[in-house]
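This report concerns only the one structure given below.
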Amino acid sequence: MKRTVAQACRVLANAGLAEDILGHVSLRTGPGTMLVRCRGPREEGLLFTLDEDIRQVGLDGGGADLEDWSAPQELPIHAEILRTRPDVDAVVHCHPPSVLAAALAGVQLRPIFGAYNIPAARMALDGIPIYPRKVLVRTTQLGRELVDAMGQAPVCVLAGHGIVTVGSGEYAVEQAVVRALNLDVLARINVEQARLGARAADLTPEDIAELPDLGSSFNDLNLWRHHIARLRLAGLDLG
Numbered sequence: 003m004k005r006t007v008a009q010a011c012r013v014l015a016n017a018g019l020a021e022d023i024l025g026h027v028s029l030r031t032g033p034g035t036m037l038v039r040c041r042g043p044r045e046e047g048l049l050f051t052l053d054e055d056i057r058q059v060g061l062d063g064g065g066a067d068l069e070d071w072s073a074p075q076e077l078p079i080h081a082e083i084l085r086t087r088p089d090v091d092a093v094v095h096c097h098p099p100s101v102l103a104a105a106l107a108g109v110q111l112r113p114i115f116g117a118y119n120i121p122a123a124r125m126a127l128d129g130i131p132i133y134p135r136k137v138l139v140r141t142t143q144l145g146r147e148l149v150d151a152m153g154q155a156p157v158c159v160l161a162g163h164g165i166v167t168v169g170s171g172e173y174a175v176e177q178a179v180v181r182a183l184n185l186d187v188l189a190r191i192n193v194e195q196a197r198l199g200a201r202a203a204d205l206t207p208e209d210i211a212e213l214p215d216l217g218s219s220f221n222d223l224n225l226w227r228h229h230i231a232r233l234r235l236a237g238l239d240l241g
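Residue numbering for the sequence shown follows my numbering, beginning at 3 and increasing consecutively.
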């Protein structure tokens with residue numbers, strides 16, 4: 003489990019969604035515990051996350067497993083989502099520049115493409131909640147505000163900040179990471195068409211009806227394996 007969380011951090015960084023030392027991934031391990039990417043004594047950023055950087059902590063951020071590592075300041079993002087939503091097993095928080103640019107420019111993440119990326123299109127069709135405060139979510143109260151804004155959605159935009167995505171089940175981490183990747187695609191395309199001065203039309207009901215759900219194995223696991231292969235090609239895979 004630690005290896006999967008560590009690989010998730012590397013995938014996000016290699017894809018440009020976590021540019022330096024900021025961002026974290028967590029995985030529920032019990033009713034009140036999680037594995038989470040922590041900051042160690044030789045911190046080098048998410049792209050170089052090691053298994054040893056993944057530590058088990060309680061929802062309050064404490065735990066004997068921490069040793070010389072420190073839990074993220076924004077642990078309440080993970081703790082309050084896991085506390086409030088029993089359906090969620092993994093949480094990703096990162097800072098895609100595309101989503102930041104869209105939120106600051108007021109560019110809506112609309113369903114303007116279809117088969118190019120069906121999961122991203124469906125994400126836009128379902129609507130993407132926004133947490134409007136541009137703050138470090140480092141208290142329980144702020145974490146609860148974020149949870150309230152997110153509702154039961156699988157993703158949330160943090161205005162002037164970044165994103166949160168969640169995953170569930172056996173491949174929860176992989177699903178949360180792929181949702182972050184798809185949200186980045188959605189934002190990049192919407193920002194680019196806005197930059198070009200375009201106003202692309204939303205998907206029509208007829209086209210929506212022709213966009214099948216290809217299933218989690220195709221949508222999540224295949225894309226996950228692709229990004230692990232990209233890490234391997236770059237010499238960044240943990241094995």
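Note that the Cβ used here is the ideal one computed from N, Cα and C, for glycine as well.
As the structure is a prediction and not an experimental result, all values here were calculated from the model.
- Beta-carbon to beta-carbon, E176 and D222 are separated by about 5 Å, close enough to satisfy the 8 Å threshold.
- Contact between A196 and A107 holds, with the beta-carbon distance rounding to 7 Å and staying under 8 Å.
- Closest by C-alpha distance to S100, out of G129, K4, N184 and A174, is N184.
- Beyond the five residues adjoining it in sequence on each side, L160 comes within less than 6 Å, by CB distance, of Y133 in the same chain, given in chain order.
- Taken in chain order, the whole alpha helix (DSSP H) runs of length 4 or more contained in the stretch 84 to 119 are 99 to 107.
- Secondary structure note for L144: its alpha helix (DSSP H) is the uninterrupted segment T142 to M152.
- Secondary structure note for V168: its beta strand (DSSP E) is the uninterrupted segment G164 to G169.
- Rounded to whole angstroms, the gap between the alpha carbons of L52 and P98 is 22 Å.
- Counting only residues of its own chain and dropping the five nearest sequence neighbours on each side, L77 has a CB closer than 6 Å to the CB of G63.
- Under DSSP, L37 takes part in a beta bridge, and its partners are L29 and Q58.
- Listed in chain order, the non-local C-beta contacts of A81 below 6 Å within the same chain comprise L61, local neighbours out to five positions each way being set aside.
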